[in-house]
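Chains S, B and L, in that order, give the protein sequences. So in numbering that gives the first Met the number 0, spot 17 of the first sequence is number 16, and the numbers just go up one at a time. So in numbering that gives the first Met the number 0, spot 69 of the second sequence is number 68, and the numbers just go up one at a time. So in numbering that gives the first Met the number 0, spot 223 of the third sequence is number 222, and the numbers just go up one at a time. In what follows, a structure is listed as structure tokens, so that the remarks can point back to it.
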Amino acid sequence: MVAASDIARHGWSSRRPPYVVRALVKLALTLLAISVVVFGLTALAGNPAHDILGMDATQSQLAAFTAANHLNQPVVVRYVHWLAGVLHGDFGQSYVSGGSVWALIEPRLGRSLLLILFAWVLIVVVSVPAGLLAGVRLRGKADVLATLVTLSIAAFPEFVIGMVLIIVFAVNLKLLPVDSTAVSQGGLFDSLSSYVLPALTIALGSIPYIVRLMRANARDVASHSYVRSAVLRGISEPALSTRYILPNAAPPVVTALGLQLAALVGGVIVAETLFGFPGIGQLLVQSAASRDAPTVEALTMMIGAAFVIINLLSDALVIVLTPKLRDAGR
Amino acid sequence: MTDALAARSLSVAYAVRKGTASQVLLDVSLELAPGRIVGLAGESGAGKSTLAVCLMGYRTAGQQVLGGEVDLAGSSITGASVRRLRGLWGSRLAYLPQDTSTSLNPALTIGRHFAESLAKHEHLRHDAARRTAAQWLARVGIPGPGRALRRYPHQFSGGQQQRIAIALALCLEPAVLILDEPTTGLDVVTQAQVNALVVGLAREAGVAMLYVSHNLAMLATVCDDLAIMYAGQIVERGPVLSVYAAPQHPYTAALIAAVPTIESAEPPRGIPGIPRSTVAVGECCFLDRCPLRAEQCRTSIPMRAVGERHEARCVRAGERPGERQDTTTAGPAATREAAQAADAKPAAPSEPLLRVRDVSCTFGGRGRDAAVRAVDHVSAEVLAGRTLGIAGESGSGKSTLLKVIAGLLRADSGEVTIQGRALAPSAARRSAADRRAIQIVFQNPDSTLNPRHTIAQSLERPLRLFEPGMSRAGRRARITEAMNQVRISPSLLDRYPRNMSGGQRQRIAIARALLADPVVLLCDEVTSALDVSVQASIVELLLDLRATRQLAMIFVTHDLGVLRSVADEVIVMQNGTVREQGEIAAVLRSPRDDYTRRLIDAIPSPDQGAGTARPHDKMSSS
Amino acid sequence: MSVTPVADATPGNTGDARGAEGDRGAGDGGQARRRARRLRDFLSIPQAMVGTVLLALLLALTIIGPFVAPYPPSAISDTPLLGPSAKHWLGTDTLGRDIFSRVLNGGGSVILLPLLAVAAAMIIAIVVGLLSGYLGGWVDAVVTRVVDVVLAIPSYLLVLVVVTAFGTGSTIVVLTVAVVYAPYIIRVLRAATLTVSPLDFVLAARARGEGIRWVVFREILPNIGPTLLVEIALRTTYAIMFIASLSFLGLGVQPPSSNWGVMVADNRLLLLVHPAGVIAPALLIGVLAISINLIADALTEFFGDRLHNQLMV
């Protein structure tokens with residue numbers, strides 16, 4: 000991952016290839032490394048025929064399975080094959096269903112993306128202002144209380160939060176559906192109410208962290224000399240928060256939001272399982288449990304790639320936001 | 000003529016916790032008149048910055064005004080509402096903070112900074128604001144003002160940032176400007192330029208200014224009136240020439256004596272004891288350190304007039320001005336003898352003890368970074384028992400050179416020899432004898448000792464490394480002796496560095512170095528991070544130790560005044576090269592190199608009096 | 000280059016004692032007394048007290064629980080899906096087993112596995128991180144690359160890949176979590192080491208010719224202790240939640256062994272009828288995580304000034 004500090008050190012110079020090219024190269028290399036790790040791990044385990052077909056599979060069944068999935072070929076060959084396929088969009092065949100992996104993934108993709116989008120919006124819209132406010136305004140008892148609340152939410156694993164939400168909103172208040180199985184029927188936007196609780200569950204997993212980070216940063220920036228200088232120049236409160244504190248406190252938060260995506264993946268997996276949401280998270284768990292390597296590999300590559308790309312974008316955003324990094328090296 | 004800003008008997012305290020309050024200012028009175036600069040001098044802990052901020056009416060959390068008030072053109076601002084203050088700040092009352100690099104918002108362009116201030120108060124918008132801003136930038140000597148408005152703070156040098164901050168503070172034409180250590184962190188030449196600018200602006204615009212600084216000598220060349228602060232009180236104030244030439248308070252006199260000058264080899268004199276950080280109520284604040292102390296000093300001391308607008312807070316103020324000078328500046332006899340001995344200069348031995356031959360050291364060069372030549376073909380020699388001074392500004396390569404000699408950095412070319420033996424580039428590869436022979440003391444007293452080791456543990460390390468056969472009792476005896484030599488009570492051996500003052504930590508670092516029994520002591524800006532009086536006592540200590548142990552030293556510093564009293568020979572470095580070298584008195588008296596001359600010229604000489612900070616310098620951006 | 004002078008006044012010497020952090024005590028036998036006093040100071044922070052008490056209670060529950068459970072945890076002792084009653088305090092689960100007994104037995108792996116994982120991660124990280132930060136050069140570069148790759152893969156994905164390949168089980172979970180979390184600790188260590196390495200006392204040690212082992216373990220490590228401690232406490236919190244979640248997903252311990260996380264998954268149906276049986280294990284997991292979180296927070300506050308100002312960097 001290209002770190003902002005790399006940019007600061009080397010700058011956007013014409014001597015080296017431009018930032019964009021270097022970032023893309025690093026992206027490609029990282030993805031390649033991930034693919035090696037992922038494929039390598041599964042290959043390390045040997046032939047899964049036994050685990051998939053069960054203890055009482057016959058020799059011929061095992062042989063057929065092995066042949067059908069090319070498991071008798073050397074690892075490197077299989078890797079190259081697989082990689083070539085991936086680059087064409089062909090993710091191979093599932094060990095379990097025998098059919099194309101993509102066919103398993105495709106219908107679920109849109110639903111999960113929508114779910115993540117909801118969660119994401121919730122996170123940003125709640126955390127940033129709350130953190131800013133907490134850092135700049137709250138003092139004393141109010142601050143302690145707020146910290147305790149965020150701490151408590153953060154301490155519960157997502158599935159616990161999800162269950163509390165179900166109990167409150169679905170069972171008691173009967174406002175929202177108990178699970179999200181309705182999502183599998185109809186079009187993408189047909190059962191939006193089924194998205195609410197899962198999205199909320201996922202968001203609550205990340206919000207406390209971002210709020211705390213934003214608060215700490217805002218506090219830190221607020222005590223900086225240039226903020227006090229601005230106060231002593233007569234600059235008023237709202238201007239201070241938006242023009243002085245936010246732009247300088249934001250960059251680490253942007254980076255954190257990007258990294259938080261990793262936690263989001265976990266959140267999606269857990270929330271989909273808890274709510275029975277028919278998305279790729281649920282597929283991932285089911286495939287892992289049934290030892291279906293090709294599906295797991297495909298999903299891992301896709302999600303991993305998305306993660307790396309998004310972090311790249313957030314690094315770029317940090318540079319755009321920070322004038323100092325924009326022309327470091329001049 | 001009414002004062003633009005006046006503090007009358009101001010006393011301020013901070014609530015620490017649970018009802019206890021700690022007083023930081025006591026009975027402070029100060030007047031700022033239009034067009035005149037009042038200098039506020041003092042060491043750290045004196046309360047200068049606290050006073051500066053209080054004069055703005057700014058209240059930090061827990062602050063209580065115990066008595067007195069602050070008047071702006073006759074009307075009180077103590078306890079004024081935040082709304083009223085915000086209206087005053089920037090437009091009538093301006094403040095220039097200490098740290099140049101963080102007085103400007105890194106996320107805003109210079110133009111936006113100005114637009115914000117101007118729009119707020121004078122309702123100047125867009126083009127009008129831009130023009131005003133550009134005019135001010137030109138006035139403070141920023142080249143290409145129009146373009147500069149579109150740039151960000153980090154794109155300017157430290158000196159330029161400070162000029163911009165000054166322009167920003169003055170663009171609304173306030174009646175009062177308070178500058179809190181505005182040139183700290185800038186190199187000597189830039190300091191002089193910025194000071195000249197400040198003086199010029201005060202005269203032209205008729206702004207009343209308060210200039211806070213710990214650098215007494217520099218302050219004396221800038222201000223019209225001088226006030227000395229100690230332990231939260233003003234102990235003396237008056238016209239600068241009067242105060243500087245004939246100080247009436249023992250602390251003022253001692254402080255002046257502690258300032259190193261290039262005129263004489265007489266070493267600066269330290270003040271015994273430790274600077275007080277708490278306010279003294281009911282007795283003289285300087286009581287525990289004053290050589291003139293008496294029973295009558297054990298009461299609250301009021302200011303006593305001693306001349307035209309000159310007053311001092313001492314019961315002996317006004318007595319025999321000339322004679323008091325000598326009695327208050329009693330330094331250890333040994334130091335003066337040592338200084339005289341140094342002046343007497345024995346014949347220099349023929350073979351150099353330490354020799355640096357054609358050393359070069361380069362940083363960077365990876366990818367885009369242009370390689371920086373930190374040290375460029377430098378040669379130097381140190382003779383046994385003599386001190387070599389290395390002078391230069393930051394970036395000159397002097398510290399790098401020292402680290403190469405110590406074996407902490409690898410030179411690209413050249414070699415260092417000691418007693419004729421070549422030294423391995425890395426300390427780890429040197430023999431024990433070589434490692435012992437060269438010892439180094441660093442600049443920052445806060446990081447020179449491991450915070451997690453007791454003093455005893457830190458001091459024992461050299462002994463354990465170099466004299467493995469010594470018994471525990473033997474080591475203890477040796478480190479006890481070392482503590483005594485650096486004049487710190489051995490009872491502090493089992494304490495941690497965080498409980499000790501900066502000056503004490505630096506002495507301990509020196510003791511640690513000397514325990515290895517070196518022949519050459521490397522000192523890397525060892526006094527630069529300390530208060531003036533503490534600096535002076537460290538210099539005294541080093542001179543003492545040098546005399547008793549026949550130690551050779553390499554003393555690196557940017558302060559030529561200190562070198563005058565410490566060094567025998569000097570080399571002046573700039574950008575990695577040696578610009579000049581020779582015997583110290585000769586170099587300082589008649590420098591041959593242009594750069595050396597500029598350095599010497601930039602040193603403030605207070606004897607010439609106020610406002611001698613020259614405004615004529617080509618307003619070159621530094 | 001003039002630097003703003005540092006205040007020369009010292010609390011310890013002016014007699015009006017206010018000595019920093021209670022280390023004024025003389026050295027002789029004071030080590031143990033100092034430690035005890037530091038522990039008391041730490042516990043005086045409210046979060047520390049609450050967190051420690053909660054943790055102690057949960058540990059007690061886990062250790063004593065199995066001995067006081069009214070029924071054997073895997074025995075089918077009644078009809079399934081009964082609500083709470085005098086006979087079964089939390090009711091019975093889908094197979095008819097007493098939930099209360101299962102709860103008393105279910106803490107072990109939820110507490111133990113994360114601790115093992117973090118301990119393993121710590122060992123890996125200390126060795127790799129310290130050396131990498133101090134030695135710099137190509138060692139540092141290689142380590143950074145490897146760490147970057149591992150961090151580029153979200154933890155859940157890595158675990159899922161491993162589980163797909165090797166199956167589930169306690170050992171696999173512990174090892175994978177250790178490998179996944181080590182990079183975070185390495186990064187913190189590396190950053191801290193990089194901050195401390197250029198400090199003057201380290202330079203002084205190098206100039207004396209001290210060996211790598213001394214410099215790294217006796218000069219640097221003691222100064223990054225607080226940072227390390229806080230990070231480890233944080234990692235433990237995450238590990239607890241991670242392993243509980245994995246157990247919930249069915250990817251943790253293998254049946255028939257069970258823990259609170261597995262119980263939550265198994266008893267999900269109860270949510271609609273008798274939620275007590277699901278809430279209990281879920282709540283316990285939460286309380287466990289909160290207790291460690293509070294301790295981590297307290298540590299941050301305790302070392303607060305030390306983390307930022309101790310070295311006055």
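Ideal Cβ positions, reconstructed from N, Cα and C, are used throughout, including at glycine.
Helix, strand or coil at residue i according to DSSP, with G and I counted as helix
i      : result
B:D2   : coil
B:P238 : strand
S:L320 : helix
B:V27  : strand
B:V211 : strand
B:P592 : Contrary to the premise, residue 592 of chain B reads as Asp rather than Pro in this sequence. Coil.
S:E236 : helix
B:L103 : coil
S:H80  : helix
B:S378 : strand
B:S299 : coil
S:H69  : coil
Any non-hydrogen atom of the ligand GTP closer than 8 Å to residue i Cβ
i      : result
S:V253 : Looking for the ligand GTP in the displayed structure turns up nothing, as the structure carries no ligands at all.
According to DSSP, residues forming a beta bridge with residue i
i      : result
B:A551 : B:V519
B:A93  : B:L176
B:T386 : B:M552
B:D70  : B:A5, B:S75
B:T416 : B:R354, B:A421
B:V440 : B:C522
B:F362 : B:V371
B:L456 : For the record, residue 456 of chain B in the displayed sequence is Gln; it is not Leu. Note: B:Q456 sits in no beta bridge, so no partner.
B:W88  : B:L92
B:D224 : B:V37, B:P238
Beta-carbon contacts of residue i that lie in its chain and below 8 Å, excluding the five residues immediately before and after
i      : result
B:D325 : Residue placement at B:D325 is poorly supported in this model, since its pLDDT is 42, which falls under 50; the coordinates still yield a value, given next. None.
L:I278 : none
S:S192 : L175, P176
Own chain partners of residue i with C-beta closer than 7 Å, once the 5 adjacent residues on each side are dropped
i      : result
B:A118 : R124, A128
S:D291 : S93, Y94, V95
B:A405 : A426, I437, I439, L521
B:R162 : V139, G140, I141, V193, L196
B:H120 : G89, S90, L171
L:I284 : V109, A243, W259, G260
C-beta contact flag for residue i and residue j at 9 Å
i      : j      : result
S:G45  : S:A67  : no
S:V37  : L:V176 : no
B:T447 : B:Q484 : no
S:L203 : S:E157 : yes
B:D2   : B:A45  : no
B:V381 : B:L400 : no
S:G233 : B:R85  : yes
S:D178 : S:F276 : yes
Nonlocal neighbours in the same chain, by C-beta distance under 6 Å from residue i, ignoring five residues either side
i      : result
B:G330 : Since pLDDT at B:G330 reaches only 43, below the 50 mark, its modelled position is unreliable, and no value is offered.
L:G132 : R189, T192, L193
B:S43  : D530
Task: Ranges of the alpha helix (DSSP H) found wholly within the stretch 59–123 of chain L, counting only runs of at least 4 - done: Annotation: the stretch 59–123 of chain L contains the following complete segments of the alpha helix (DSSP H) (minimum length 4 residues), in chain order: 98–104.
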